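> Below are the structure tokens for one structure; questions will follow.
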Amino acid sequence: MDYPDICIAGAGIIGLSLALELHRQGSRVTVLDQGEPLSEASWAAAGMLAADDPDNPQELYPLSVLSRSLYPGFINRLFDLGGVAVPFHTSTTLQEVNPDRAENTRGLTLLAPEPLSLLLPQLHAEPHRFVLLDEHSVNPRELAQALLAAVRATGIDLRSHTPIRMVRSRSGGIEVHTSSEILTPSRFVDCTGAWGLTAMPPGQVRTMPRKGQMLAVELPRSFPLHLVVRTHSIYIVPRTTGAHAGRAVIGATVEDAGFDKTVYPSEIARLRARATELLPALADAVEVETWAGLRPSSSDGLPLLGQVSERHFIAAGHYRNGILLAPATAVVMAQLLAGQKPQVDLSRFSPMRRG
Ligand code: GLY
Numbered sequence: 006m007d008y009p010d011i012c013i014a015g016a017g018i019i020g021l022s023l024a025l026e027l028h029r030q031g032s033r034v035t036v037l038d039q040g041e042p043l044s045e046a047s048w049a050a051a052g053m054l055a056a057d058d059p060d061n062p063q064e065l066y067p068l069s070v071l072s073r074s075l076y077p078g079f080i081n082r083l084f085d086l087g088g089v090a091v092p093f094h095t096s097t098t099l100q101e102v103n104p105d106r107a108e109n110t111r112g113l114t115l116l117a118p119e120p121l122s123l124l125l126p127q128l129h130a131e132p133h134r135f136v137l138l139d140e141h142s143v144n145p146r147e148l149a150q151a152l153l154a155a156v157r158a159t160g161i162d163l164r165s166h167t168p169i170r171m172v173r174s175r176s177g178g179i180e181v182h183t184s185s186e187i188l189t190p191s192r193f194v195d196c197t198g199a200w201g202l203t204a205m206p207p208g209q210v211r212t213m214p215r216k217g218q219m220l221a222v223e224l225p226r227s228f229p230l231h232l233v234v235r236t237h238s239i240y241i242v243p244r245t246t247g248a249h250a251g252r253a254v255i256g257a258t259v260e261d262a263g264f265d266k267t268v269y270p271s272e273i274a275r276l277r278a279r280a281t282e283l284l285p286a287l288a289d290a291v292e293v294e295t296w297a298g299l300r301p302s303s304s305d306g307l308p309l310l311g312q313v314s315e316r317h318f319i320a321a322g323h324y325r326n327g328i329l330l331a332p333a334t335a336v337v338m339a340q341l342l343a344g345q346k347p348q349v350d351l352s353r354f355s356p357m358r359r360g
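Residue numbers for the sequence shown follow my numbering, so the first one is 6 and each next one is one higher.
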């Protein structure tokens, strides 16, 4: 049998972006997913490439900046391979900041907020609490379509509905057991996100789901929003082109609810109320969709990127920034798998840390 060089568990945006990068470098790659590719957190996300979000952990910044710089090349490559374009929907974010936390507002421009302030009462009342960021957003569902088309255009062996029963090291290799076969790649990468296939010893950092409920509304015609509005507790992300142009995504709750993806009307109403407080023009916006996703969080809020044993690696736990961090994660993990020094220091993200 013809075995892959590298077997990846999890066909979310992290697993598939890594598969593409490894394939580009000449590896034979197999990706196994217990369900459908890109159908969980990668599909549920809002799509903000929020490298400068002051609420992100500082430790993420170098990886975030690298990923932001890789994004145009990443989506061009998806288009070249699979023929599906991924437009940027916005290029600016109006961000609430805490002026007392100056260290978290690097690179931001304080705003002279007219005429937007007429639409945002809070901005009008407290302009010093908002800054404009150069930040792009994508529609993760368009990204998923493009990524899947790109992967399918390569020789990557992508298998849906193929749960992994067991992964174990053996002399000179590693075994990946499914219900119907045992693969023996030279290396294995766990990209299963919240599902955490890799058993971590007690006290060591681990991944876990963190639920986010969200909704989408049809924006009033009199209020064409072309930028993201984000506070510490809510974001409003407009889709400005394609089939969903004129909609805005409003999110999100942050809940420890295990793997439950129930959407509760009371939580959706709370999100709507907060969004309307910020942008009163949303009061009459028609609700078109509600959903919940499971963010791949970790016990200390940082991703797990690195080696668990000689042939077993992990890239998971990107929490609120998986869409942003996918291209850089693919590059640094491919470097690690090739035995090279990753271009971003990954020591803070070691899966062997306590957490
Ligand atoms: N990245 C958006 C969220 O986690 O809700």
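Backbone N, C-alpha and C fix where the C-beta goes; we use that ideal spot for every residue, glycine too.
If you're wondering where the values come from, they're calculated on a predicted model, not measured in any experiment.
What number of angstroms, rounded off, separates the C-alpha of ASP60 from the C-alpha of ARG235?
Going from the Cα of ASP60 to the Cα of ARG235 covers about 11 Å.
> Compute the beta-carbon to beta-carbon distance between SER302 and GLY322, rounded to the nearest angstrom, for a pair I have assumed lies under 8 Å.
7 Å between Cβ atoms; contact.
> Check HIS133 in the structure and name its three-state DSSP category.
Three-state DSSP puts HIS133 in a helix.
> Residue range of the beta strand (DSSP E) that THR98 falls in?
THR98 -> beta strand (DSSP E) spans 95-101.
> So, helix, strand or coil for TYR240, using DSSP?
Strand.
> What do you reckon, are the CB atoms on GLN218 and THR167 nearer than 8 Å?
No; because the gap between Cβ atoms is not below 8 Å, this pair is not in contact.
> Can you tell me whether MET205 sits near the ligand GLY, meaning its C-beta is under 7 Å from at least one heavy atom of the ligand?
No, Cβ of MET205 sits at least 7 Å from all heavy atoms of the ligand GLY.
> Looking at the unbroken beta strand (DSSP E) that takes in MET338, where does it start and where does it end?
Here MET338 belongs to no beta strand (DSSP E); instead the alpha helix (DSSP H) covers 327-342.
> Measuring alpha carbon to alpha carbon, tell me which residue in ALA250, LYS216 and SER44 is nearest GLU260.
It is LYS216 whose Cα lies nearest to the Cα of GLU260.
> Alpha carbon to alpha carbon, how far is GLY112 from TYR240?
Low per-residue confidence applies at GLY112: pLDDT is 48, beneath 50, and the placement is therefore not dependable, though the value from the model is reported in the following sentence. Between GLY112 and TYR240, the C-alpha separation is close to 20 Å.
> Using 8 Å as the threshold, is the C-beta distance between ARG300 and TYR324 below it?
Yes; because the gap between Cβ atoms is below 8 Å, this pair is in contact.
> Helix, strand or coil: which one does DSSP assign to ARG362?
Residue coverage of the chain in this structure runs from 6 to 360, which leaves residue 362 outside it and unanswerable.
> With DSSP as the reference, label ASP60 as helix, strand or coil.
In the structure shown, ASP60 sits in coil (DSSP, three-state: anything other than H, G, I, E or B).
> Does the segment 71-90 come close enough to the segment 331-340 to have 3 or more Cβ pairs within less than 8 Å?
Because the criterion of three Cβ pairs below 8 Å is met, the segment 71-90 and the segment 331-340 touch.
> Note the first and the last residue of the continuous alpha helix (DSSP H) segment covering LEU23.
18-29 is the extent of the alpha helix (DSSP H) around LEU23.
> Using alpha carbons as the reference points, say which of VAL172, THR189 and LEU137 lies closest to GLY178.
Cα-wise, what sits closest to GLY178 is THR189.
> Should VAL291 be labelled buried (16 or more other beta-carbon atoms within 10 Å of its own) or exposed?
Exposed: under 16 other Cβ atoms inside 10 Å.
> Look at the Cβ atom of VAL222, then the Cβ atom of THR95, and state whether they are nearer than 8 Å.
No, Cβ-Cβ distance for VAL222 and THR95 is not below 8 Å.
> Whole angstroms are fine: how far does the CA of MET338 sit from the CA of LEU23?
Their Cα atoms are separated by approximately 7 Å.
> Give the DSSP-derived three-state secondary structure of GLN150 in the structure shown.
Reduced to three states, the DSSP call for GLN150 is helix.
> Where the beta carbon is closer than 5 Å to any heavy atom of the ligand GLY, which residues qualify, in chain order?
So the residues near the ligand GLY by this Cβ test are ALA51, GLY217, GLY256, ALA257 and ARG325.
> Give me the Cα-Cα distance between MET205 and HIS231, rounded to the nearest whole angstrom.
When rounded, the distance between both Cα atoms is 44 Å.
> Do ASN144 and ARG82 have their C-beta atoms within less than 8 Å of each other?
No, these two residues do not count as a Cβ contact at 8 Å.
> Give a yes or no on whether the minimum CB-CB distance between SER314 and chain B is below 8 Å.
The displayed structure is made up of one protein chain only, and chain B is not part of it.
> Suppose the cutoff is 8 Å on Cβ atoms and the five residues either side in sequence are ignored; what does the same chain contact list for VAL268 look like?
So the list reads GLN218, THR295, TRP296 and ALA297, once near-sequence residues are dropped.
> Is SER355 near GLY306, with beta carbons less than 8 Å apart?
Going by C-beta atoms, SER355 is not nearer than 8 Å to GLY306.
> Would you identify the three-state DSSP class for SER185, choosing helix, strand or coil?
Coil, per DSSP.
> Determine, using beta carbons only, whether GLY208 and ALA154 come nearer to each other than 8 Å.
Result no, Cβ atoms of GLY208 and ALA154 do not sit closer than 8 Å.
> Would you tell me roughly how many angstroms separate the C-alpha atoms of ALA90 and THR246, rounded to the nearest one?
Each residue's Cα considered, the two are about 12 Å apart.
> Check whether the segment 29-38 and the segment 275-282 touch, using three or more Cβ-Cβ pairs below 8 Å as the test.
Taking 8 Å as the limit for Cβ pairs, the verdict is that the segment 275-282 does not touch the segment 29-38.
> Starting from ALA199 and walking both ways along the alpha helix (DSSP H), at which residues does that stretch end?
It is not in any alpha helix (DSSP H) - ALA199 carries neither H nor E in the DSSP assignment.
> To which residues of the same chain is ARG359 closer than 8 Å at the C-beta, ignoring the five residues directly before and after it?
Excluding residues within five positions, the ones whose Cβ falls inside 8 Å are GLY208, GLN209 and VAL210.
> Let me know the secondary structure DSSP gives SER142 once reduced to three states.
Strand.
> DSSP state of GLU108, grouped into three classes?
For GLU108, the predicted structure reports a pLDDT of 49, less than 50, and the residue's modelled location is therefore unreliable. The matter cannot be settled from this model.
> ASP85 lies in the beta strand (DSSP E); which residues open and close that run?
Segment 66-87 is the alpha helix (DSSP H) holding ASP85; no beta strand (DSSP E) there.
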